[in-house]
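Numbering (our numbering), first residue to last: 14 to 62.
We treat Cβ as the ideally placed atom computed from N, Cα and C, and that holds for glycine.
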């Protein structure tokens, strides 16, 4: 998995000198039967639909 870019066009000016480092320890997609919404959603409280 890779992160290609971050859109900073609307970034708060105070953050322009910050460095952003991204880390991720999961490979689940966001949606689908193996997606994060399905797998982790019940823990967070949304109704099952």
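DSSP state of residue i mapped onto helix, strand, coil
| i | result |
| --- | --- |
| residue 22 | coil |
| residue 55 | helix |
| residue 16 | coil |
Spatial distance of residue i from residue j (CA atoms)
| i | j | result |
| --- | --- | --- |
| residue 56 | residue 21 | 32 Å |
| residue 43 | residue 53 | 10 Å |
| residue 48 | residue 25 | 31 Å |
| residue 39 | residue 31 | 25 Å |
| residue 27 | residue 58 | 35 Å |
| residue 23 | residue 37 | 24 Å |
Sequence-distant residues of the same chain with beta carbon closer than 7 Å to residue i, five excluded per side
| i | result |
| --- | --- |
| residue 16 | 35 |
| residue 41 | 47, 48, 49, 52 |
| residue 29 | none |
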